[in-house]
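Everything on this sheet refers to the single structure shown next.
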Amino acid sequence: MHPQVPCTLPLLLAPAPCTDPERTPWGGRRIVERYGRTVPRDVPDDAPVGESWELSVTPDFPSRLDDGRLLSEVLASDPAQLLGAEAARGGTALLVKLLDAAQALSVQIHPRDDYSGLGDAESGKPESWYVLDRAPGAGLYLGLRRGVDEGSLRAAITAGADASALLSFVPVEPGDFFVIDAGTAHAIGPGVTLVEPQRVVPGRRGVTYRYWDWNRRYDAAGRPVDADAPDGRARTLHLEHALAVTDWDAPREAALLASARCAAGAPRPSGP
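Start counting the sequence shown at -2; every next residue gets the next number (this note's numbering).
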């Protein structure tokens, strides 16, 4: 039982700090320079900054109110008032991140909540993207191209080929909004800054499986290095899980884009 925490609505969140740059070696500098987010004290001033967790009740990166209180504790103190119907589902499922990609993110996928490979404390993580800014020609990788099957995708990745050729590339503009369902391969391309709302089952950790990371290697501090650098190491991939949760029957290319792309604030398209 959480004690009642006095609160005055609306609740104002404190500015979110950036996560450790080791988590996001693909990051840029817009989150710091344009949006004013702070970095940990021991992080160099020119370090790549990929994300800040703008709204979070997870223990790893919890949001605080402007008076210093944890958002999770305030919500738990009076869930019926503050969360309404969400209270009956165990708390808020919303997680919101601000992301800035100077380099492409790994090609990844999220499972459904009922995937048998998930642990008891894990959940799927369907998400969406609202584009804030982009470099000329920048875009997103969304879904597999027609004709790509499990065998061809596995072969390209294990051979060290350019697996991005098997993905559908979508140029973007500020204001574009996309819904990324479980089972959809995706990656944010270089030069894109966006807001990423996600849904994570309360009390669990949302899971991401990486298919491929552009054949990149990193040093012990998480900084990209040349492919032949003696101290370079690749990020962990989860190819078997990623292939297992891929929705191979999902629409591809234009058909997927018609379903995933929405006008911000408009209802998601339905029907054929």
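Note that CB positions come from ideal geometry on N, CA and C, so glycine has one too. This structure is a prediction, so every number in the text was calculated from the model and none was measured.
Per DSSP, residue 128 lies in no alpha helix (DSSP H) segment; the continuous beta strand (DSSP E) that holds it begins and ends at 124 to 131.
For residue 118, the CB contacts under 7 Å within the same chain, skipping 5 residues up- and downstream, are 201, 202 in chain order.
Between the C-alpha atoms of residue 122 and residue 41 there is a straight-line separation of about 31 Å.
If you draw a straight line from the Cα of residue 236 to the Cα of residue 165, it comes to about 19 Å.
By the 16-neighbour rule on beta-carbons within 10 angstroms, residue 51 is buried.
With respect to the 9 Å criterion, residue 199 and residue 86 are classified as neighbours on the basis of their beta carbons.
DSSP places residue 238 inside the alpha helix (DSSP H), whose first and last residues are 236 to 242.
Distance from residue 14 to residue 34 at the Cβ level is roughly 6 Å; contact confirmed, criterion being Cβ atoms closer than 8 Å. For residue 51, the uninterrupted beta strand (DSSP E) segment begins and ends at 48 to 52. Bounds of any beta strand (DSSP E) do not take in residue 76; it lies within the alpha helix (DSSP H) bounded by 76 to 80.
Take residue 124, set aside five residues on each side of it, and the residues of its chain with a beta-carbon closer than 6 Å to its own are 177, 193, 195, in chain order. By the beta-carbon neighbour count (other beta carbons within 10 angstroms, threshold 16), residue 141 is buried. Remark: fewer than three beta-carbon pairs, one from each stretch, lie closer than 8 Å, so the segment 62 to 77 and the segment 25 to 32 are not flagged as touching. Taking the Cα of residue 105 as reference, the smallest distance to any Cα among 212, 252, 115, 208 is reached at 208. Exposure of residue 113 is indicated by the presence of fewer than 16 other C-beta atoms within 10 angstroms of its C-beta. In terms of Cβ geometry, residue 101 and residue 211 form a close pair [threshold 9 Å]. Residue 205 has its alpha-carbon roughly 21 Å from the corresponding atom of residue 174.
When Cβ pairs closer than 8 Å are counted between the two stretches, the segment 179 to 189 is seen to touch the segment 153 to 170, the count reaching three or more. Residue 120 places its beta carbon less than 9 Å from that of residue 110. Under the DSSP assignment, residue 150 falls in the alpha helix (DSSP H) whose first and last residues are 147 to 155. Inter-residue distance for residue 228 and residue 84 is about 48 Å (C-alpha atoms, whole angstroms).
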